[in-house]
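Here's the structure we're looking at; comments come further down.
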Amino acid sequence: MPFPSRASSRATGTVSSYFSSSALPSSPSYQYGPSQASQDHIEDEYDRLSRYSPSVASSRPSTAFTAASTAISRSNTPSSRRSRNGATPSILGQSESHDVVCAVSEARGVTPTVGIATVNLSIGEATLSQICDNQSYVKTIHKLQLVSPSRIVFMPSACPPNEPSTFFSLVQQLIPEADVTSYERSAWSETAGIDYIEYLAPEGDVGPIKVAIQGKYYAICCFSAAMKYINHQFNIGFSPQSLRIRYQPSEDTMMIDISAMQSLEVMRNMKSAKSKECLFGLLNHTRTPMGSRVLRNNLLQPPTNFDGFIKTRYDALEEMVTNEEMFHEIRKGRIITVRAATGVFAVEEQITHILIIKSFLESVPELYRALHPAQSDLLVKIRNLCRPETTTPILLNIKKVIEADVTYMKSPLDQRNQRAFAVKSGISGMLDVARLTYRELTEVIHKHSDEVSENHKIAITLKFDNRRMYWFWVPIVGLDVESIQQKFINVIQRKNHVECQTLDLVKLNQRLLDTSNEIVMQSDTVIRDLVKELRRVVPPLFRVCESIALVDMIASFGQVTTTRDYVRPEIEETLALKSAKHPILDKMMSSEYVPNDYYATERYRFHFVTGCNMSGKSTYIRSVALLQIMAQIGCFVPAEFAAFPIIHNIFARISMQDSIEANLSSFGVEMREMAFILRNVDSKSLAIIDELGRGTSSRDGIAIAMAISEALIDTGASIWFATHFIELARVLADRPGVLNLHLASQTSVGEGGIPQLTMSYKATAGTVDDEHHYGIVLARAMGMPDSFIEFAEYVANDLKKRRESKQQSSASQKEMHRRKLDLNLYEALQQAAKSSNQEALLGYLKRLQEEYILRLKEIEDM
Numbered sequence: 001m002p003f004p005s006r007a008s009s010r011a012t013g014t015v016s017s018y019f020s021s022s023a024l025p026s027s028p029s030y031q032y033g034p035s036q037a038s039q040d041h042i043e044d045e046y047d048r049l050s051r052y053s054p055s056v057a058s059s060r061p062s063t064a065f066t067a068a069s070t071a072i073s074r075s076n077t078p079s080s081r082r083s084r085n086g087a088t089p090s091i092l093g094q095s096e097s098h099d100v101v102c103a104v105s106e107a108r109g110v111t112p113t114v115g116i117a118t119v120n121l122s123i124g125e126a127t128l129s130q131i132c133d134n135q136s137y138v139k140t141i142h143k144l145q146l147v148s149p150s151r152i153v154f155m156p157s158a159c160p161p162n163e164p165s166t167f168f169s170l171v172q173q174l175i176p177e178a179d180v181t182s183y184e185r186s187a188w189s190e191t192a193g194i195d196y197i198e199y200l201a202p203e204g205d206v207g208p209i210k211v212a213i214q215g216k217y218y219a220i221c222c223f224s225a226a227m228k229y230i231n232h233q234f235n236i237g238f239s240p241q242s243l244r245i246r247y248q249p250s251e252d253t254m255m256i257d258i259s260a261m262q263s264l265e266v267m268r269n270m271k272s273a274k275s276k277e278c279l280f281g282l283l284n285h286t287r288t289p290m291g292s293r294v295l296r297n298n299l300l301q302p303p304t305n306f307d308g309f310i311k312t313r314y315d316a317l318e319e320m321v322t323n324e325e326m327f328h329e330i331r332k333g334r335i336i337t338v339r340a341a342t343g344v345f346a347v348e349e350q351i352t353h354i355l356i357i358k359s360f361l362e363s364v365p366e367l368y369r370a371l372h373p374a375q376s377d378l379l380v381k382i383r384n385l386c387r388p389e390t391t392t393p394i395l396l397n398i399k400k401v402i403e404a405d406v407t408y409m410k411s412p413l414d415q416r417n418q419r420a421f422a423v424k425s426g427i428s429g430m431l432d433v434a435r436l437t438y439r440e441l442t443e444v445i446h447k448h449s450d451e452v453s454e455n456h457k458i459a460i461t462l463k464f465d466n467r468r469m470y471w472f473w474v475p476i477v478g479l480d481v482e483s484i485q486q487k488f489i490n491v492i493q494r495k496n497h498v499e500c501q502t503l504d505l506v507k508l509n510q511r512l513l514d515t516s517n518e519i520v521m522q523s524d525t526v527i528r529d530l531v532k533e534l535r536r537v538v539p540p541l542f543r544v545c546e547s548i549a550l551v552d553m554i555a556s557f558g559q560v561t562t563t564r565d566y567v568r569p570e571i572e573e574t575l576a577l578k579s580a581k582h583p584i585l586d587k588m589m590s591s592e593y594v595p596n597d598y599y600a601t602e603r604y605r606f607h608f609v610t611g612c613n614m615s616g617k618s619t620y621i622r623s624v625a626l627l628q629i630m631a632q633i634g635c636f637v638p639a640e641f642a643a644f645p646i647i648h649n650i651f652a653r654i655s656m657q658d659s660i661e662a663n664l665s666s667f668g669v670e671m672r673e674m675a676f677i678l679r680n681v682d683s684k685s686l687a688i689i690d691e692l693g694r695g696t697s698s699r700d701g702i703a704i705a706m707a708i709s710e711a712l713i714d715t716g717a718s719i720w721f722a723t724h725f726i727e728l729a730r731v732l733a734d735r736p737g738v739l740n741l742h743l744a745s746q747t748s749v750g751e752g753g754i755p756q757l758t759m760s761y762k763a764t765a766g767t768v769d770d771e772h773h774y775g776i777v778l779a780r781a782m783g784m785p786d787s788f789i790e791f792a793e794y795v796a797n798d799l800k801k802r803r804e805s806k807q808q809s810s811a812s813q814k815e816m817h818r819r820k821l822d823l824n825l826y827e828a829l830q831q832a833a834k835s836s837n838q839e840a841l842l843g844y845l846k847r848l849q850e851e852y853i854l855r856l857k858e859i860e861d862m
């Protein structure tokens with residue numbers, strides 16, 4: 001391909017759960033066929049959790065399966081499994097006769113984020129997607145099955161001969177008609193992917209595509225790999241600007257572009273990354289990391305399936321907040337204390353993981369009992385998944401090896417001790433001897449600490465951390481620091497204390513470390529056998545974990561609903577909100593916040609929102625987008641009454657910042673984002689636009705805003721358009737679907753006859769009255785000097801008079817133009833009279849006469 005791809009790339013990895021860390025036998029009970037795959041939607045939340053058998057979702061191929069799958073990196077010829085007519089058979093039915101190459105890559109971390117790039121060689125079309133999925137990869141597998149790819153390309157680290165990832169194993173088993181292969185790691189480059197887009201996409205599409213893929217790292221890397229694979233394997237190249245490229249969200253989810261995420265402060269506060277003043281911070285009252293991850297995924301990709309997802313969550317949340325006893329039992333359960341563990345060494349991590357699973361299994365029955373009164377479908381299904389019959393056999397297997405009273409602890413010393421004494425006594429003789437030595441050394445260290453304290457007459461507290469192991473903490477009050485530095489080693493002086501050690505303590509620490517390592521290695525054999533045993537019965541835990549994450553998210557919604565007095569939304573074709581509030585500002589301002597009403601139907605779908613500065617226009621339009629997101633993830637909203645339609649796309653054009661990286665001014669960024677919106681907006685979209693056209697001249701700005709507004713009106717989308725262009729709102733007021741609103745304010749005369757501006761922050765019908773010079777009044781309130789204010793008022797009044805003069809009758813305007821033309825002629829004749837060149841003067845006077853007659857005719861034709 002004649003495209004100079006860049007070599008730079010960033011490594012991507014795979015996500016694998018703890019019980020997927022080695023080869024597992026495939027589950028013989030797994031069933032999946034065309035009748036299931038042909039369903040267009042997942043029917044409800046339970047199906048989403050358990051549609052694919054957890055025995056497959058949590059497993060990797062057996063040794064024999066791994067050996068057989070090594071041959072998957074096939075030759076460049078099309079797959080031998082194709083039918084004779086060249087079409088690829090699919091579980092979704094017979095597909096078209098074409099080659100579809102799909103590159104996939106998953107993120108490192110606990111939550112699987114999967115990038116997908118699909119290139120259809122027959123029609124010259126590429127589709128990019130990035131999906132936030134769960135450990136069963138339900139959404140990703142569903143999307144791949146709908147695409148019916150002929151080849152699926154993975155990174156080498158996810159495929160044999162390396163240990164295959166869970167996702168790789170699922171793709172092999174659930175999409176058997178695809179030719180699965182791998183391609184070199186250097187091909188997965190974000191930089192090269194963007195270069196391919198700039199080179200191959202039509203010129204007018206490049207800007208909108210780059211807006212859509214902003215922040216979609218894995219999707220871009222996959223596109224790079226797909227294009228390089230096609231070029232290398234098939235020797236196929238595309239001409240410049242000949243490939244149709246588009247970004248597509250996952251099925252049954254809403255698409256929110258990255259600029260909307262940022263400007264709406266969905267995941268992060270724009271001013272401070274650490275601040276919790278964002279939608280995620282408002283709703284995140286989860287008690288488990290997995291619950292927080294489920295909430296994050298839902299905010300990034302809100303569901304659009306009402307019957308399958310949203311309604312069941314509403315029912316569960318309503319039951320939870322009305323049954324106070326059940327709600328508190330769920331919130332106080334010990335299951336909320338389980339946290340993800342991080343160990344120093346791999347063997348220690350295994351022991352820690354086993355202890356976390358043990359604590360987890362001991363806590364699941366508490367959630368089962370808490371959900372006993374549940375009546376809603378979703379909570380009942382979660383309760384059934386958490387039955388003791390599911391978790392008790394696994395817990396009993398663990399307790400055969402692990403001490404019953406050993407639990408997961410978080411402090412460094414407790415973690416070391418729990419790992420040392422986790423395995424029961426009597427299972428391994430060498431392990432029991434090593435633990436006896438460990439116990440004796442610990443007693444010696446404590447005895448040494450007492451001796452040092454007594455000999456030096458100082459109060460010593462024995463501390464422990466993973467780096468120094470045991471050390472002395474000595475309060476600095478009444479202490480001679482110089483003598484401490486002479487008698488002790490590794491002395492560190494703090495504000496209120498001194499940290500130090502003795503040479504004997506360092507030696508004892510080393511002996512203790514050696515003994516601890518010996519215990520861990522002796523425990524490793526026992527733990528490995530336990531892990532192998534657990535792998536045969538652990539698959540149901542994945543459904544349990546996902547169920548708990550979901551109930552944790554719903555309980556988090558219940559927490560904010562009960563404390564903020566939210567209401568359950570209705571899902572209708574009409575957007576109707578009574579006394580609705582901006583959810584983040586409502587929390588910050590409490591009773592001071594002024595609620596507003598919203599109404600959008602087919603008749604009123606385009607809303608011009610005008611008002612003076614600081615009247616609340618931006619807050620008003622942002623509120624409707626945030627409330628829409630809350631409603632579609634299954635949360636109640638801050639309003640007296642709420643009804644929402646199902647929205648599939650949310651767009652936002654708010655920021656007035658430039659982009660140095662893209663070499664774009666604020667107006668350039670504005671136009672690029674609006675091009676993206678215009679290419680993707682439809683009747684199931686919601687867009688909020690703030691101050692469009694303010695980055696250029698007033699004349700060009702209002703012209704562009706007018707043209708874009710006309711185009712948006714024709715789309716049938718729900719548009720909330722805040723602007724200072726009063727003329728724009730007035731000109732388009734009679735267009736079908738347009739409703740003019742303004743944030744009211746009152747001007748009054750204060751002490752000394754100085755005008756004062758009072759904001760009501762209340763949306764009312766009509767456009768703002770621009771005769772009161774709100775900007776000047778606001779500038780005076782901000783402390784501008786009186787001389788500036790007086791001159792501004794003079795200019796404003798003079799411009800007002802000029803506008804009024806332009807509105808006079810046509811006869812008066814013609815007379816004014818004639819006078820101006822006569823004055824110009826008089827001045828030109830005066831200048832000509834001073835000329836000494838007679839020949840040039842005659843030619844000049846002739847041209848002046850012709851120009852005067854022409855201009856006079858134009859005035860008469862006005």
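Residue 165 in UniProt numbering sits at position 165 of the sequence shown, and the numbers go up by one each step. We put the beta carbon where it would ideally sit given N, CA and C, even for glycine. None of the values given here were measured: they were computed from a predicted structure.
Beta-bridge analysis with DSSP links I726 to no other residue. Contact annotation: the stretch 671-690 does not touch the stretch 282-300, with fewer than three C-beta pairs closer than 8 Å. G668: not part of any beta strand (DSSP E); member of the alpha helix (DSSP H) spanning 666-680, first to last residue. Nearest in C-alpha terms to E362, of all of R528, K507, K210, D405, is D405. DSSP, read as helix, strand or coil, puts C221 in helix. C-alpha of S148 to C-alpha of I141: approximately 10 Å in a straight line.
Note on geometry: alpha-carbon atoms of P638 and A219 lie some 36 Å from one another.
Burial of V768 is indicated by the presence of at least 16 other C-beta atoms within 10 angstroms of its C-beta.
I445 and E454 have their C-alpha atoms spaced approximately 14 Å apart. Classified as buried, R535 has 16 or more neighbouring CB atoms from the shown chains inside 10 Å of its CB. Here DSSP, grouped into helix, strand and coil, assigns I548 to helix. In this structure I382 is not in contact with L396, their Cβ atoms being roughly 23 Å apart against a cut-off of 8 Å. In this structure, the beta-carbon distance from A833 to L848 does not fall below 8 Å. Secondary structure at A652: strand, using DSSP grouped into helix, strand and coil. Between H648 and M267, the CB-CB gap reaches or exceeds 8 Å. At the C-beta level, Q350 and I213 stay beyond 8 Å of one another. Where G115 is concerned, the enclosing beta strand (DSSP E) starts and stops at 113-120. Secondary structure remark: continuous beta strand (DSSP E) runs of at least 3 residues inside the stretch 200-253, in chain order: 244-247. Listed in chain order, the non-local C-beta contacts of M155 below 7 Å within the same chain comprise T12, S105, S182, R185, W188, local neighbours out to five positions each way being set aside. Per the C-alpha coordinates, the member of K581, E277, Y470 positioned closest to L413 is Y470. Contact between F167 and A178 is absent: CB atoms are separated by about 13 Å, not below the 8 Å threshold. According to the DSSP assignment, M469 belongs to the beta strand (DSSP E) that extends over 469-475. With 16 or more other Cβ atoms from the protein chains shown falling within 10 Å of its own Cβ, G115 counts as buried.
Boundaries around K578 are those of the beta strand (DSSP E), 575-580, since no alpha helix (DSSP H) includes it. For K507, the enclosing alpha helix (DSSP H) starts and ends at 503-535. Secondary structure at K381: helix, using DSSP grouped into helix, strand and coil. Per DSSP, reduced to three states, the secondary structure at S275 is coil, with no helix or strand assignment. Measuring C-alpha to C-alpha distances from I476 to each of D822, Q486, I458 identifies I458 as the nearest. Short of 7 Å from the beta carbon of R730, and not among the five residues preceding or following it, lie these beta carbons of its own chain, in chain order: T767.
Counting along the chain, no alpha helix (DSSP H) covers K463; the unbroken beta strand (DSSP E) around it starts and ends at 461-465. Taking a contact to require three or more Cβ pairs closer than 8 Å, the stretch 627-642 and the stretch 571-580 qualify as touching. A residue is called buried once 16 or more other Cβ atoms fall within 10 Å of its Cβ, and K358 is buried on that count. Scanning its chain for C-beta atoms nearer than 6 Å, with the 5 sequence neighbours on each side dropped, one finds around K139 the residues I131, D133, S250, in chain order. Sorting Q418, L317, V364, E348 by C-alpha distance to the C-alpha of Q375 places L317 at the top. When the Cα atoms are used, D315 and F309 turn out to be separated by approximately 10 Å. Secondary structure at L743: strand, using DSSP grouped into helix, strand and coil.
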